[in-house]
Structures are given as structure tokens and as C-alpha cells.
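Undergrad: Structure below; questions to follow.
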Amino acid sequence: MKTIFSLIALVLTTCFALAQAAPPDTDIFLFDLKEKKGKVSLSKGKNITNRKGYDNQPAFFNNDYIVYSAHENGQNDIMIMDLYDNKVTNLTNTKTSEYSPFPMERYNSFATVRVEEDGTQRLWMFPMEGKESPRVIFEKIAPVGYFAWNKDEILMFVLGQPASLVMANPNEVDDKIITSNIGRTIKVVPDSPDFTFERREENGEVMIYRLNSVNKETIPIIKKPESSRDWAITQEGTYITSVGSKLLSYNPKRNQEWVEVMDLGETGAKGITRMAVSANNKRLALVINQ
91 MKTIFSLIAL
101 VLTTCFALAQ
111 AAPPDTDIFL
121 FDLKEKKGKV
131 SLSKGKNITN
141 RKGYDNQPAF
151 FNNDYIVYSA
161 HENGQNDIMI
171 MDLYDNKVTN
181 LTNTKTSEYS
191 PFPMERYNSF
201 ATVRVEEDGT
211 QRLWMFPMEG
221 KESPRVIFEK
231 IAPVGYFAWN
241 KDEILMFVLG
251 QPASLVMANP
261 NEVDDKIITS
271 NIGRTIKVVP
281 DSPDFTFERR
291 EENGEVMIYR
301 LNSVNKETIP
311 IIKKPESSRD
321 WAITQEGTYI
331 TSVGSKLLSY
341 NPKRNQEWVE
351 VMDLGETGAK
361 GITRMAVSAN
371 NKRLALVINQ
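Quick note on the working numbering: the sequence shown kicks off at 91 and runs consecutively.
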């Protein structure tokens, strides 16, 4: 089976900017979300980080908490915010930088991309309460940029020229390259063992695909709107993305194309770069440039 060891030579000259320089000013906004038959509505938008600096890559934990990556004192740590009292706790507090937290609720832990002291980027697991030491998940898979974890399968964006989509199981020794020319967004399909990801085609278009984690087959879903960045999936299978200050949605069963949900106006004028939907489908987190 083809492994990613051959990629390592290709990525030695690759620069992952997150580990190189202070990231841009971003804040996390929280919206109430309602969805009926694939139609999404949003309300009560609020800036929940509201500070100068980098607060990014949000993910929900048990619906009422958000974990995210924040830049402080020259490096990044993973924070958790209680959405009821806005209390923030530093979960890593290390000398290294951590990015892209992915909560593992059944293990009361989270996985994260850790930029180690020598610059190596690997996937690590941290306990949510800090009672055990963190551990590396894959010794030889690097450099990892982004990922999603579904049951016992992990789908990773591995940096290279081009970037590759790699699937691996932490209980096995093999890994498999699924495709290349991928974008950074990788998501779990709710209530399914499958994933979705994006890939740039030869004609320059970026398509969103669904990946069957069992037979590794991919099915095209829809073309991303031009200039859109990140996207998320609701519990009803509706895709949400943004173009400029506008939020768009697409439900494969109910829509032929992307439809506008909301225009954030001046609030989103500098760009919406990340998003996440809570497991109970009641909240949407957006990262907005400041």
C-alpha cells in the first residue's frame, strides 16, 4: 500500500506560515442557528472573543463549549470557552504551538496539530482535563496541516507540492493517499462514517467531495463558490460557506445551487475564514477578520 513517506522529501522546503509569524487579528462570532427542511436561518450574532489578536479554528465540545486556537506570548495554545459564562481556560499552555483542535468527546480529549520544538508538525492527543500526558498519534506522518477524525479513521491534509489527502487509522500501521491538490477544509459527515473535503480540479474549479471511509470512493457534491473560504455541514446535511460578507447554504437534497442565508454587512466585510456547527444544530461559530 502506498504510504506518505515519499512525500517527506517534497515538503522539506514547504513553509507553513502559522508557525513562522504572528497570525492576523481574528475573532470568533457565535450565532443561533435554526434549520427546517434544509433552510437555514441565523440570529443573535455575538463576538465572543472580542480582543486584539488571533482567535481561530473553533470546534464545539458538548455543544456548550468551544475549543479554539489562540495566539498569546509569541505562540499558540488551545483554549476552551464555557459559552454560558464566557470563562476561558488554557488547555495546553505549552512552549510549542498547537492548532486545529478537534474534540474527542467519548475520550474526554482533543486532537490537535502540534508544531514541535524542531518545527515538525504532527498530530497529538491531549486529555481535556490535563490528568494524563499528551501523546503523538502518528510518529511518521508529517507535516500535518488540518484533519478530521471520524470513529477510528483520521483524514489529514499533509503538506507537500501538492498537498495530499491521507487517511490513517491509529490502531493500524498503514496509511493511504486518497488524492492530491486538496484544500484545507476537511469535515465529518454528521451521523455517518464518511468525510467531506475539497479538491482543486485541473480547470481551476474547487469541488466539494464526499468520501466513503469504507471503500474509499469519492462522490462530487457541489462546486465551491468563487472566492469562498471555509465551509461547514449542519446535522441535516446542509453545507454552509461564505463569499465576502455573505453566508450561503446548499442542501444536496433540496437545492440546485448555493442560496444566500444572510449578509453580515460591515461585520463580515474583511472576510469570514472559518466556521463550525454544534452537534445539536443550534449554533454556528464564525471566524471573522478584524
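Glycine included, every Cβ here is placed at the ideal spot set by N, Cα and C. These numbers come from a predicted model, not from an experiment.
Is Thr-269 helix, strand or coil by DSSP?
TA: Looking up residue 269 in the sequence shown gives position 179. Thr-269: strand per DSSP, three-state reduction.
Undergrad: For Pro-217 and Ser-223, what's the separation of their Cα atoms in angstroms?
TA: Numbered from its first residue, the sequence shown carries residue 217 at position 127. Numbered from its first residue, the sequence shown carries residue 223 at position 133. Spanning the two alpha carbons is a distance of roughly 7 angstroms.
Undergrad: Is it true that the CB of Thr-202 sits closer than 8 angstroms to the CB of Glu-188?
TA: Translated into positions along the sequence shown, residue 188 becomes position 98. Translated into positions along the sequence shown, residue 202 becomes position 112. Yes, the Cβ-Cβ distance between Glu-188 and Thr-202 is below 8 angstroms.
Undergrad: Determine the extent of the beta strand (DSSP E) in which Leu-246 is found, giving its start and end residues.
TA: Your numbering for residue 246 matches position 156 in the sequence shown. In the sequence under discussion, the amino acid at residue 246 is Met, which differs from the Leu named in the question. Start and end: 243-248.
Undergrad: Report yes if the CB atom of Ala-322 is closer than 8 angstroms to the CB atom of Pro-148, and no otherwise.
TA: To locate residue 322, count along the sequence shown from 1; it is residue 232. To locate residue 148, count along the sequence shown from 1; it is residue 58. Not closer than 8 angstroms, so no.
Undergrad: Reducing DSSP to helix, strand and coil, say where Glu-350 ends up.
TA: Reading the sequence shown from its first residue, position 260 is the one you call residue 350. Strand.
Undergrad: Put Arg-344 into one of helix, strand or coil per three-state DSSP.
TA: Here residue 344 corresponds to residue number 254 of the sequence shown, with the count starting at 1. Residue state, collapsed to three classes: coil.
Undergrad: Name the DSSP beta bridge partners of Asn-146, please?
TA: In the sequence shown, the residue the question calls residue 146 occupies position 56. In DSSP, Asn-146 forms a bridge with Ser-159.
Undergrad: State the Cα-Cα distance for the pair Asn-259 and Ile-244, rounded to the nearest angstrom.
TA: Taking the first residue of the sequence shown as position 1, residue 259 is located at position 169. Taking the first residue of the sequence shown as position 1, residue 244 is located at position 154. Rounded to the nearest angstrom, the two C-alpha atoms are 6 angstroms apart.
Undergrad: Give the secondary structure of Tyr-236 by DSSP, where H, G and I count as helix, E and B as strand, and everything else as coil.
TA: Counting from one through the sequence shown, the residue named residue 236 turns up at place 146. Three-state DSSP puts Tyr-236 in a strand.
Undergrad: In whole angstroms, give me the CA-to-CA distance for Thr-286 and Val-278.
TA: Here residue 286 refers to the residue found at position 196 of the sequence shown. Here residue 278 refers to the residue found at position 188 of the sequence shown. Taking the straight line from one Cα to the other gives about 6 angstroms.
Undergrad: Roughly how many angstroms lie between the CA atoms of Gly-294 and Tyr-174, to the nearest whole one?
TA: Start at 1 with the first residue of the sequence shown, and residue 294 comes out as number 204. Start at 1 with the first residue of the sequence shown, and residue 174 comes out as number 84. Taking the straight line from one Cα to the other gives about 43 angstroms.
Undergrad: Taking the straight line between their C-alpha atoms, what separation do you get for Gly-327 and Val-351?
TA: Position 237 of the sequence shown, counted from the first residue, corresponds to residue 327. Position 261 of the sequence shown, counted from the first residue, corresponds to residue 351. Distance between the alpha carbons of Gly-327 and Val-351: 15 angstroms.
Undergrad: Going by DSSP, which residues form a beta bridge with Ala-258?
TA: Looking up residue 258 in the sequence shown gives position 168. For Ala-258, which the question treats as bridged, DSSP gives the partners Ile-244, Asp-265.
Undergrad: Is it a yes or a no for the segment 365-380 touching the segment 328-347, going by three-plus beta-carbon pairs under 8 angstroms?
TA: Because the criterion of three Cβ pairs below 8 angstroms is met, the segment 365-380 and the segment 328-347 touch.
Undergrad: Check Asn-379 in the structure and name its three-state DSSP category.
TA: Translated into the one-based positions of the sequence shown, residue 379 becomes position 289. Residue state, collapsed to three classes: strand.
Undergrad: Please report how far the alpha carbon of Met-257 lies from the alpha carbon of Gln-251, in whole angstroms.
TA: Here residue 257 refers to the residue found at position 167 of the sequence shown. Here residue 251 refers to the residue found at position 161 of the sequence shown. Going from the Cα of Met-257 to the Cα of Gln-251 covers about 18 angstroms.
Undergrad: Tell me the rounded alpha-carbon separation between Lys-306 and Asn-271.
TA: Against the sequence shown, residue 306 aligns to sequence position 216. Against the sequence shown, residue 271 aligns to sequence position 181. Spanning the two alpha carbons is a distance of roughly 17 angstroms.
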